[in-house]
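Read through the structure below, which is laid out as structure tokens, and then see the notes.
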Amino acid sequence: MKNFANTLFRNNSYFRICYCIQPAWIVGLIFFLVYSVLQSSAAEKSLLNTETENFVIDSYIESFNEPSGRKNNRNIYYDIIIENGKIIDGTGNPYYYGDVGISDNKILKIGNLKSSPAGRRIDAAGMFVAPGFIDIHTHSDRNILNLPLAENSVRQGLTTIVGGNCGGSPLPVDDFLNQVRDTDISINYITLVGHNSIRNSVMGNENRAPTNSELSDMKKIIEESMKAGAFGLSTGLYYTPGNYADIREIIELAKVVAKYGGIYVSHIRDESDYNIGLIAAIEEAVTIGEEANLRVQISHMKCLGRPVWHKSDEVIELIAQSRQKGVNIMFDQYPYTASSTSLWGAVFPAWAQEGGSQRLFQRIEDLDLKEKLINDIQDNIIRRGGPEALYIINEDAYLSELAESWNLEAPNAAIKIQEAGGSSVISFNMTDYDLENFIRSPFGMIGSDGSISSSGNRGHPRSFGAFPRVLGVYVREKNILTWEEAVRKMTSAPASQLGLWDRGIIRPGMIADLVIFDPEKVTDKATYQNPSQYPEGIPYVLVNGKIVIDNDRHTGINAGKVLINQ
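First residue of the sequence shown: 476, per the working numbering; consecutive thereafter.
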């Protein structure tokens, strides 16, 4: 007893105090022993809670330890078992071998399920099993109603797409989401609410600040949209009328979004040196996130045009510093060095767009304004890489070719195209250096900036090939990313950004949005000349536990849902 007391005296400060308060040290000893028992019990309870909370890890370990054919395994009937695959779980962790058991619309178990009964077994030998890809940046808002099978999207491994980007969205959001719900879709759909659409509905295409009443009306639309299930606010500050809004207007609107846990997604004011410059435009987005206290996402990150080529290092450092300050800022990007937008947005200056095309044509009649317009259009054409780098989709020719055939200077050729109704354009204006720098960054996610499209698509190949291109070119061929990191950028990263806590990771209890792809074969086939070719090497895609792509064939199953911000 004396030795035990000495040990307690040396090792426990509480007991030393009790010992010194003679003769009550015995009471102190008893109290210490009771305290130790209670602490031990609390530790066991904490461990039990931790084990309960981490049932996912428990299930994983148990599934690999339990012998094949164990009774509780045999009693479970699965709708689908994906077996023999290499599981990339979406977190960025290394892949592991295992089977995935699916019941209803959820992942029920991961492990050795060889002896378990199932309605359907898919042999994924030699292939990766990953969470379904999430395209965090699309413009599929209208096309999802016309092309509900979303074949070009799901064939890329996409199970969820986000619309309402770059400041444009259908309004009211509630009515539009109900239309999508009434349409049998094959892919999950999310929307943002667009600032340009809101501003245009309240005050038209006017270059001025809103009145207090107009600002209040815009806030009301955002509040209604968030309550209807929108995931956040998007801006197109490069485009009009968003370009006419100052930072205070955006901050005030973003504060409404923050109340509902939404995100702020921005096609920033300048991706080149059109107005405030690339770096200042990113700093503006950071300030909005900081003052409104919400997550920020830069849309289709790029260094557009010679004036900002090779500035990606500076951009990434700015984002890293902003995150260190506490601003939760990320970005999305597509894996191409050519961008695509309207000719109107690409080369016509913002001041000339006020009031729309009709006002533009009136300004052309003013010789002084026309001279200024021609000069500004010429500068913007050069920013985009010159007329030989601007492909006019409706004319199936480059601007340089059209200008020559019409015997016009490039700016006048652009005006002629706009007078005929305009066109979408593809412009080759980026460098591989910047693209690859951004794709390495842990702050980036993959987004197509494309849309649901039919086989007759004449636009950018990103609508058919963005995600398999990352896997085939930037993982397999160039080794810029690992398989696991590429999948993380397509799954758990966007899921976390959006707050989709039941998707984006392969774990028991998660929704069974899954893609199976062959690392040796996965590749994009869409080109600028033939942009509507489906990719290869993605034979199976499951949406909400249903097989939508089955051995390279679309099943016609409409398993998609409208997902709303909770």
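Just so it is clear, CB atoms sit at the ideal spot from N, CA and C, and this is done for glycine as well.
Everything numeric in this text was worked out from a predicted model, so none of it was measured.
Buried/exposed call for Phe-913, threshold 16 Cβ in 10 Å: buried
Residues near Met-476 in its chain [Cβ-Cβ closer than 6 Å; skip 5 each side]: Note that Met-476 scores a pLDDT of 43, beneath 50, so its modelled location is shaky and nothing firm can be said.
Continuous beta strand (DSSP E) stretch holding Lys-561: start and end: Run containing Lys-561: 553-562, per the beta strand (DSSP E) assignment.
Touch test, the stretch 829-842 against the stretch 791-803, Cβ-Cβ under 8 Å, three pairs minimum: The stretch 829-842, when compared against the stretch 791-803, does not touch it at the 8 Å Cβ threshold.
Helix, strand or coil at Met-920 according to DSSP, with G and I counted as helix: strand
Beta strand (DSSP E) segments (min. 3 residues) lying fully within the stretch 569-623: 571-578, 581-586, 593-598, 603-606 and 608-610
First through last residue of the beta strand (DSSP E) which encompasses Lys-1021: 1021-1025
Start and end residues, alpha helix (DSSP H) containing Ala-720: Unbroken run through Ala-720: none, as it is neither H nor E.
Residue from Leu-583, Val-575, Phe-706 and Ala-684 with nearest C-alpha to Ser-971: Phe-706
Exposure of Arg-617, with buried meaning 16 or more beta-carbon neighbours within 10 Å: exposed
Asn-682: CB within 8 Å of a non-hydrogen atom of the ligand FAD: Within the structure as shown, the ligand FAD is missing, as the structure has no ligands at all.
Through-space distance from Asn-1005 to His-935, alpha-carbon basis: 9 Å
Residue environment, Gly-560, which counts as buried when at least 16 other CB atoms sit within 10 Å: buried
Alpha-carbon spacing of Asp-748 relative to Tyr-1015, whole angstroms: 44 Å
Tyr-908 - DSSP class collapsed to helix/strand/coil: Tyr-908 falls in the helix class under three-state DSSP.
Under the three-state DSSP convention, the category Asn-663 falls into: strand
Ala-760 (DSSP reduced to helix, strand or coil): In the structure shown, Ala-760 falls within a helical segment according to DSSP collapsed to helix, strand and coil.
Cβ distance (whole Å) where Ile-660 is taken to contact Gly-1035 below 8 Å: 4 Å
Same chain only: Cβ atoms within 7 Å of Gln-1041, ignoring 5 sequence neighbours per side: none
Buried or exposed by the 16-neighbour rule on C-beta atoms within 10 Å, applied to Glu-840: exposed
Selected residue, minimal CA-CA separation from Glu-626, among Asn-932, Asn-640, Gln-853 and Asn-887: Asn-932
Exposure of Gly-632, with buried meaning 16 or more beta-carbon neighbours within 10 Å: buried
Three-state secondary structure (DSSP) of Leu-865: strand
Nearest to Pro-647 (by Cα), restricted to the options Tyr-572, Lys-845, Pro-943 and Ser-676: Residue Ser-676 is the option with its Cα nearest to Pro-647.
Boundaries (first-last residue) of the alpha helix (DSSP H) holding Ala-941: For Ala-941, the enclosing alpha helix (DSSP H) stretches over residues 937-944.
Same chain only: Cβ atoms within 8 Å of Phe-918, ignoring 5 sequence neighbours per side: Ile-791, Ile-794, Ala-795, Arg-798, Ile-804, Met-805 and Phe-806
Buried/exposed call for Asn-670, threshold 16 Cβ in 10 Å: The sequence shown places His at residue 670, not Asn. Counting Cβ neighbours within 10 Å, His-670 comes out buried, since at least 16 surround it.
Presumed contact (8 Å Cβ cut-off) between Ala-827 and Arg-838, rounded CB distance: Approximately 6 Å separates the beta-carbon atoms of Ala-827 and Arg-838; this is inside 8 Å, confirming the contact.
Cβ neighbour criterion (16 or more within 10 Å) applied to Glu-759: Its Cβ being crowded by 16 or more others within 10 Å, Glu-759 is buried.
Alpha carbon of Asp-1025 to alpha carbon of Phe-942, nearest angstrom: In a straight line, the C-alpha of Asp-1025 is about 19 Å away from that of Phe-942.
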